[in-house]
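Under the numbering used here, the first residue of the sequence shown carries the number 642, and numbering increases by one thereafter.
Single-structure report; data block below.
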Amino acid sequence: MSSLTDQLQSVVAGRSPLIYLLSPEEDRVLQGLRAVAETAGGVPVVTWSCVSGLEGEADAEATRDPVRALQAVSRRPGAGFFVFKDLAPFLSRPEVARALRDFYYSGRDTVYRHVVVISAELVLPESLQKEIYLVEVSPPSESEIAEQLAQARQEHPDYGLPAEAAGEVVLALKGLTEAEIRQVLHRVGQQGHADKDRILDEIFAEKRTIVKKSGYLEFSPPRYDIDGMGGLDNLKDWLIRRRKLFSREALDAGVPIPKGLLMMGVSGCGKSLAVKVISSLWQVPLFRLDMNLVFSGMYGTPEEAFHKALRTTESVAPAILWLDEIENALGMAEEGIKIDSHIFSAFLTWMQEKPPLIFIAATANRINALPAEIIRKGRFDQVFFCDLPVDEERVEIFRIHLKRNGANPDDFDFKMLAVMTQGWNGAEIEQAVISARTDAYYEGRPLNQRDLSAAISKIVPLSETMEQQIKAIRSWAFSRATPASKYGRRRVG
Ligand SMILES: Nc1ncnc2c1ncn2[C@@H]1O[C@H](COP(=O)(O)OP(=O)(O)OP(=O)(O)O)[C@@H](O)[C@H]1O
Ligand SMILES: [Mg+2]
């Protein structure tokens, strides 16, 4: 028996007369219900839609009205799965709620007698929440996907779907609906001989489209090499050691999969850059959740939108979910006052229960706004503090940006540059190199030490203008976070 029928079996075993199945896969759920009805000894399955009315009625058209359909169902004796396809939008009508309650009380003691609502959206009025049993139907499980894949291979031998590496393909397909999986397989199959890489590319493209449709999740392409990040060696080491863990083999071997990482610290020290690096290093797609859009009201209440965003991320796992400036994202105001505790507590619960192949990468600046629960061990695997880079690290960052801007790093005096940029962050170093390059380009020559020194002298670093804030951030992080730099707490500036 498949995971879907298992799930539906246990739903009907609860004997609730009214069941709400939340799923975008009407056909698949209906098929599952038919299979359950069959094993229950041939329970009749009767469907209703607002276009065709109730199946099996002499005057089906007259039962297009949901109240009349529900009354007709209440009059039918005995067991039956009465599957209402389009009922969700009508639930807020008082006469529909009444007709449902009448059904609820009329058939409570009969086994296998249910009105089942299937809907892709959750629209359950509060007044009915006690009587209706709500179930979120899981998307196809790995075994169901494997079955679908095997079947596709049998039906379309010309597609050349590979039998080896099936495990990897199945894992990548997880989270998609049955119909989406079918489309992906047909698309790759019809383009010619499908090898594993082509299928995986196509699957990730499909997932990106799904995410795009959501509106508030944004795909960030894996373009950031770990060598383009200077310093932060503890953090790099941590990431490198875990690069093989986001895989089928690690999951099967029972190796604990990392849940998430919180990076806090001084502005411009590479927190956001580090998140982008994880995606390239681990070869796992990265999705940034735009909390401003979640809170905008364009996608329903913030709670609904946030819940949907987490669900969408689950559907595209394995994935990295990036929450930038988490203190704003989770509705925490200055000094730790929560302005939206619902979202915050929903997030903490979700972090505990989320599927293993989603990694949370969170960044925070105003760390004193973070409540203790979020930092507590167990939520994030590690909390890193990104401080201003020390001399050696600034030199590394200079080298990276000089190279990126077409200069030969060997032509520069790094001792002097290190002295000139005490207390600077990575973003400021980058800014100096870019400005020096622009000036040199204007004069039609490659950039040199003099351009760079001139550019440096024009920039006032944050550590001068925000000295007090940076001191406060450091003393706060001192006892609470691990230094991202291998130089630990050796101080600069
Ligand atoms: N360690 C670093 N190595 C190389 N480049 C760096 C480093 N730190 C910062 N940069 C450069 O500065 C840019 C800005 O850094 P980033 O956005 O990662 O900082 P941040 O810590 O997220 O800052 P904020 O708190 O303001 O969001 C990066 O895109 C990168 O070009
Ligand atoms: Mg940032």
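From the three backbone atoms N, C-alpha and C, an ideal C-beta is built for every residue, glycine too.
At 3 residues or longer, and completely inside the segment 867–917: list those beta strand (DSSP E) runs for me, N to C.
901–906
Give the C-beta separation of S1126 and G872 to the nearest angstrom, bearing in mind that I take them to be a contact with Cβ-Cβ under 8 Å.
6 Å
Please classify E890: is it buried, with 16 or more other beta-carbons within 10 angstroms of its beta-carbon, or exposed?
exposed
Return the chain-ordered ranges of every alpha helix (DSSP H) run that is complete within the segment 1015–1071 and spans a minimum of 4 residues.
Listed in chain order, they are 1032–1045 and 1055–1061.
Taking only the alpha-carbon atoms, compute the straight-line gap between L645 and I786 and give it to the nearest angstrom.
L645 and I786 have their C-alpha atoms some 11 Å from each other.
Which of helix, strand or coil does DSSP assign to I978?
Because the pLDDT of I978 is 45, which lies under 50, any placement of that residue in the model is unreliable, and the number read from its coordinates should be weighed accordingly. I978 falls in the coil class under three-state DSSP.
If you check the beta carbons only, do A1122 and V1024 fall under 9 Å apart?
yes
Once DSSP output is grouped into helix, strand and coil, what is the label at V667?
One detail in the question is off: residue 667 reads as Glu in this sequence, not Val. Note: E667 maps to helix in three-state DSSP.
Tell me the DSSP secondary structure of R716 in three-state form.
helix
May I ask whether a heavy atom of ligand 2 can be found less than 8 Å away from the beta carbon of K912?
yes
According to DSSP, residues forming a beta bridge with S760:
L663
Under the three-state reduction of DSSP, which class applies to L807: helix, strand or coil?
It is Ala, not Leu, that sits at residue 807 in the sequence shown. In this structure, A807 counts as helix in the three-state DSSP scheme.
Per DSSP, the bridge partner or partners of H755:
F722
Which residue comes first and which comes last in the beta strand (DSSP E) that contains L802?
Neither: L802 is in no beta strand (DSSP E) and is coded neither H nor E.
I need the boundaries of the alpha helix (DSSP H) containing T646, first residue and last residue.
S644 to A654
Could you tell me the alpha carbon to alpha carbon distance between A793 and V829, rounded to whole angstroms?
12 Å
Assign P959 to one of three DSSP states: helix, strand, or coil.
coil
Please state whether DSSP places I840 in a helix, a strand or coil.
helix
How many Å lie between A820 and D931 at the Cα?
Straight through space, the alpha carbons of D931 and A820 are spaced by roughly 28 Å.
Ligand 2 and E968: does any heavy atom of the ligand fall closer than 8 Å to the residue's C-beta?
no
Contact between the segment 931–940 and the segment 809–820: three or more CB pairs below 8 Å?
no
When DSSP builds the beta bridges, which residues end up paired with F988?
Bridge pairing for F988: absent [DSSP].
I want to check one thing, is the minimum distance from the CB of G906 to the heavy atoms of ligand 1 below 8 Å?
Yes.
Just to confirm my understanding: we take M992, look at its own chain, exclude 5 residues before and 5 after, and list those with CB closer than 6 Å. What are they?
The residues are R1020.
Heavy atom of ligand 1 less than 8 Å from the Cβ of G1047, yes or no?
no
Straight-line Cα distance separating G721 from T990:
37 Å
When the Cα atoms are used, what is the spatial distance from L1058 to A1096?
11 Å
Sorry if obvious, but does the Cβ on D1080 come closer than 8 Å to a heavy atom of ligand 2?
Result no, Cβ not under 8 Å from ligand 2.
Coil, strand or helix - R636 by DSSP
There is simply no residue 636 to check, as the chain begins at 642 and stops at 1134 in what is shown.
By a C-beta neighbour count over all protein chains shown, 10 Å radius and 16 as the cutoff for buried, is E976 buried or exposed?
Residue confidence for E976 is low, a pLDDT of 48 falling below 50, so the modelled location carries little weight and cannot support an answer.
Just checking D874 against ligand 1 - is the residue's beta carbon closer than 8 Å to any of the ligand's heavy atoms?
no
For Y746, which residues from the same chain have a beta carbon less than 7 Å from its beta carbon, with the 5 sequence-adjacent residues on both sides left out?
none
What residue from L769, L790, V757 and S768 has the CA that sits closest to V778's CA?
V757
Where Y865 and Q924 are concerned, what is the direct C-alpha to C-alpha distance, given to the nearest angstrom?
11 Å
Chain B beta carbons: is any one of them nearer than 9 Å to that of F1021?
Protein chains in the displayed structure number just one, and chain B is not present.
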